[in-house]
Structures are given as C-alpha cells and as structure tokens.
Amino acid sequence: MDTRPNILFVMTDQQRADTIAALGNSHIITPNMDRLVRRGVTFTNAYSTCPVCVPARYTIRTGREPAKTGVYCNGMPDLTPDQPQEMEVRCGDYIARTLSKLGYRTFGIGKFHTLPWDEDLGYEVHLRSEELYGNPDQRNRDDFAAFIAKEHPEYDWVEGLMGERTDMYYMPQMSPMPADITVEAWAASRAVEQIRVKDDRPYFGFVSFVGPHPPFAPPIPFNRIYDPDRMPDPVCGDIGTDHMDDQIPWMNYMIWAEDINNSHARVLKSRYYGEITYIDQCLGKILDAVESGPNVDNTLICFFSDHGDHLGDHHAWQKESFLEASCRVPFLLSWPKHLPQNTRRDDLVCLTDLFGIATSAAGKKELRDGADVLASTLGRATPREYLLGCYERPGGPQFKLMVRSGEWKYIYMANGGREQLFNIKEDPYELRQRVGGCPDVADRLRQAAVKALGAPNIDRALECGSLRKFPYSERKRVRIHQFDLSRGVTGFPKSSEDILATIRKFGIGD
C-alpha cells in the first residue's frame, strides 16, 4: 500500500493576505479558511515574487523564478538567445507531470492562465475555466463554458459568465449565475468528484478558483451580506510616495479606476469580501470531501493566491506593485500527520516554494529555485534571509524589483531609478518612506538585489555592476477592453450606425 500523502493545492486569484478572519480581519467571515488555519501552519510573510497572473502561475508550476521562465508580465516569455524556447526544457517538467512520473494520480481544475490557453500541463484530468474566450472554439472547449452550454443553456447567452469587465472592472456587480452553478461552484463540484475517485495511487490535485479577481460579482446572497458602511476606508499615504511607481496611475486609468472615492471603495470592498466568503463556502465542500475520505491526516493541503489587490490602498487598484496589498498572499499549509497545527511562522516564503513542498511530500525532493519550507518548518533547515521579487522586462524602463529581509522591504524602479524603503514591522501599511533616513539599510538591500540579479536573463537589469536606470517618464495612458471575443465583440460601437447595428444584431426593435 502506498503510504505517501495526498497533495491538494487550492488557489484563489487576487486574494489579499489580510482577508482571513482567523488571521485578524474582523470585517470578514471565512469559516473554512479559518478551518485550514487551525489545521496547520500559516506563513505571515508569504509573497508572490512576480505579482500578476501569468508569471505567478508559471513560478508555481515550474518552481522557477522569472529569470528561468522568462515570464515577467502578462505576455509571452522574454528570453535571451541562449535560452531554449520550450518552457519545460529550460525549467524542467511542470509540477503535475513531475508528480505523475512519481506515481501520483493528477487532476487540475479551474483557471490556469497558460500560454497558449490550452497548454498541456501534464494532468491526467484537466478541466479548464478561463475568464476570457479569444474565439468561438475556445469558448466551446472551455470546460466551464461547455458545462453551461450543455447543462444550463438558459444562461449560455451571457457573454461575461463571471461578470462584466472593461469599464465595469471596478463596479460592484451581482453574478449572472445562481450560486450553485457559478464557476467557483463548478470547480468545487469537480474537485469533490476527483477527490472521491477510487484509486490505489495517492492524488495530486490543483484547484484554481477564478475569484475574487474582479469584476466583483458574487452571487445572491453573497452580493449583499456586507454593509459597505461597515467596511474600512482604503489606507493611503502621501500620493507622491504612493505613486512613485508610475505603473499604479497607469493601471488605475486602464481599468477606469483613476478617481474612485472612499464610498465607492467601501462598496467594492463589501463585494470583494462577499466573493471571498462565497469562495470560502465552496472551499468548505472540498475540505468536507477530504475529511470524509480514508486518508485525512495524511493529506497535505496548500492554500494560496497568485497575488493580492491594492483595493484602493495607496490610491491604487489592481496588482503589479511590490506594496504589501499587491504582493503579499495567503499561504496556509496543513498536514496533520507531520506539521504542527494552528501555528504562525514569519519565514520569508513565496509561490516558487510550492514545487519543493509537493515533491518533498511525495518523497523525491526537488526544490529548484525555492526554499525547503517543509524542512524549515520542522526545524531541519534555515529559512531564507533575503527574498527577491521582480516585474517586467529586465533591462527595460518598466522593470522593478523588491528585496525583503527581516523587517525591511526595499523597492527599486528602473523608471527614474526611484527607490522606496519601508520597515514592515513598524509600518505595516507602508506609509513612511525610509530611504533617506536609513541609507545603510537601503544600501545593504540594494547590494543584495545586485547580487541576485547576476543570473542569466535577469542580469540585463544591471549596468556596470549597478541597478540599471532610465530617465523618468510617464507611461501613455490607455483603456483596457475585455469583451467576449468569442461572440465577436471587440469594443464599444464607434458611431451611431455601429450602435444601431449592435441593437439590430440582437433583434431589438425589429
């Protein structure tokens, strides 16, 4: 009999680290995330080292940082000529393929955000639910969209199955789907089915929820369980410090969020929390399936998110910065047979470590670019001293990085050579810029960054042994359009004739 553990990864999208009740948020209800907190170890200094969807997910599935994956933003890999073109050639087998080769039954369910969208990730059972459909074929082959078309055709006319995007990105909404057939409910149901499959092999499962990524559109009644007037306002500092990173105002404008006021922000937070509480209920069904199975104490569960959301803090929305709201993530590990329960640790950990966690538990440790989190948790290894994060093309003006060490965080932006330094212990909301007052600390972390950037590909961010910088310039402001391309919708009508043609297409007024 195989005595190795089952391994279950459960991932949310764009969930901040401070959104779990058991970890101190008195404004939200998360009984099942609380259940995981009690069941295991919470890492309170966990980070997404490239805090945006596609790069974060490639760090998880490869155990490699962007210098190897080449993915520094939501786009195609940016490689140097000596790097192999194939991701698994330059990084090694993906996590699912690795666990399959180790004799695990593997399943992946939900959002994977791959390039291309239907990339083979090595799962025996792979059920996808992506947010956007680039053409009719993709919508037809997306497993959640196909489920709606086949099982609930009364909703197949809906273009945005998870809510409206584009100009509605940060507008409070209600899900167009009932609570029992949303994409989260679908993912939880498919996960339960897979967990209950009878098989002599242990399983490796990866369940990836689409929410609480905007649009914030929880289903009834989760759209109305939190009173906006009981939500706290965003926490903002001096806008000159908050917006030193021009990515922030650029992104605000892109998603129609450049002038959201506090009352609007509280409404959005109430819907965001509603999404999280709804996902928590879906998570509960998965945990019930695990706990009703035969191997509950020998099931390793890892719960995490790919990045956070500024949610108005620092006069900012979305992610892609190295401020805590954006890059610090929930990171819960529970394995009753081996790990302590209801424990907090302040080790510096990151999403890249998940590969080593899974392979260590499976009996063939392969850390790749990660740290040995299981060993350090059990006192058998020393946690990392420094953690480096980076975003955007190294050697380009939008490149930026973070170094975390002890109670300090250093942020560098190549655009203008701008620097920020925060003492996270004394100033957890990052309101006090400390570069001028603590030059020795800034220099120590700056040199740690230079050393870490010596690896191939990412070394393009250096120039003459120092961090490369460019004259400061504001990025050109643009709006994002994320309509349903599978239905031929590419943008807003541009003329009265286009408006009338759109109306006629739906047979209105005929």
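Residues in the sequence shown are numbered from 46 upward in steps of one, following my numbering.
Built from N, CA and C at the ideal position, the CB exists for glycine as well.
Keep in mind the model is a prediction, meaning the values are calculated, not measured.
Where does the unbroken beta strand (DSSP E) through residue i begin, and where does it stop?
i	result
Trp453	Trp453 to Met458
Leu345	Thr344 to Ser350
Pro257	Tyr248 to Pro257
Arg173	Val170 to Arg173
Met46	Neither: Met46 is in no beta strand (DSSP E) and is coded neither H nor E.
Val82	Unbroken run through Val82 is the alpha helix (DSSP H), Pro76 to Arg84; no beta strand (DSSP E).
Ile436	Per the sequence shown, residue 436 should be read as Tyr rather than Ile. Here the beta strand (DSSP E) through Tyr436 covers Leu432 to Tyr436.
Phe152	Arg150 to Gly155
Val394	Thr388 to Cys395
Go ahead and pull the three-state DSSP assignment for residue i.
i	result
Thr57	strand
Val312	helix
Gln465	strand
Gly120	coil
Pro181	helix
Cys327	helix
Lys382	coil
Ser540	coil
Arg425	coil
Glu199	helix
Arg142	helix
Asp274	helix
Arg449	strand
Ile503	helix
Glu133	helix
Arg413	coil
Gly167	coil
Arg66	This sequence places Ala at residue 66; Arg is not what is there. DSSP places Ala66 in helix when its eight states are reduced to three.
Ala407	coil
Arg373	strand
Ala91	strand
If the criterion is Cβ atoms closer than 7 angstroms, does the pair residue i and residue j meet it?
i	j	result
Pro439	Arg505	yes
Lys382	Asp342	yes
Asn460	Phe376	no
Ser371	His355	yes
Glu415	Gly434	Note that residue 415 is Gly in the sequence shown, not Glu. Going by C-beta atoms, Gly415 is not nearer than 7 angstroms to Gly434.
Arg235	Ile154	yes
Ile74	Thr322	yes
Met458	Lys445	yes
Phe348	Leu81	yes
Val418	Val394	yes
Excluding five sequence neighbours on each side, which residues of the same chain lie with their C-beta closer than 8 angstroms to the C-beta of residue i?
i	result
Phe528	Glu204, Arg210, Thr211, Val534, Thr535 and Gly536
Arg246	Asp47, Gly148, Tyr149 and Arg150
Trp362	Tyr215, Met296, Asn297, Ile300, Ala302, Ile305, Asp354, His355 and Leu356
What is the rounded straight-line gap between the Cα of residue i and the Cα of residue j?
i	j	result
Thr57	Ala232	12 angstroms
Phe267	Gln326	10 angstroms
Ala406	Ile52	8 angstroms
Gln292	Met447	15 angstroms
Gly167	Phe157	12 angstroms
Gln492	Arg477	22 angstroms
Pro223	Leu490	49 angstroms
Cys281	Phe467	14 angstroms
Phe551	Trp162	29 angstroms
Pro257	Glu229	10 angstroms
Tyr455	Ala426	25 angstroms
Gly424	Glu430	15 angstroms
Thr547	Pro538	8 angstroms
Ser421	Asp392	9 angstroms
Leu206	Pro264	12 angstroms
Asn387	Asp182	46 angstroms
Tyr92	Arg109	14 angstroms
Asp283	Glu452	22 angstroms
Arg311	Tyr317	10 angstroms
Between residue i and the rest of its own chain, which residues show a CB-CB distance below 7 angstroms, the 5 nearest in sequence each way excluded?
i	result
Asn119	Val97, Cys98 and Val99
Glu169	Ser145, Arg150, Thr151 and Phe152
Pro385	Val86
Cys324	The question names Cys, but residue 324 is Ile in the sequence shown. So the qualifying residues of the chain are Thr57, Glu229, Phe254, Gly256 and Pro257.
Arg184	Tyr178, Ala190 and Ser531
Tyr139	Arg106, Thr107, Glu133, Leu166 and Gly167
Ala101	Ser93, Cys95, Asp351, His352 and Leu396
Cys483	Leu466
Give me, in chain order, the residues of the same chain whose beta-carbon lies closer than 6 angstroms to that of residue i; leave out the 5 immediate sequence neighbours on both sides.
i	result
Glu303	Asn297
Gly115	Pro122, Asp123 and Leu124
Thr286	Gln478
Phe251	Phe54 and Gly153
Ala497	Leu433
Thr159	none
Arg570	Outside the displayed range of the chain (46 to 555) lies residue 570, so it cannot be described from this structure.
Ala67	Asp79 and Val82
Could you spell out the range, first to last residue, of the alpha helix (DSSP H) harbouring residue i?
i	result
Cys483	Premise fails: Cys483 is in no alpha helix (DSSP H) and is neither H nor E.
Met293	The question names Met, yet the displayed sequence has Ile at residue 293. Its alpha helix (DSSP H) spans residues Gln292 to Met299.
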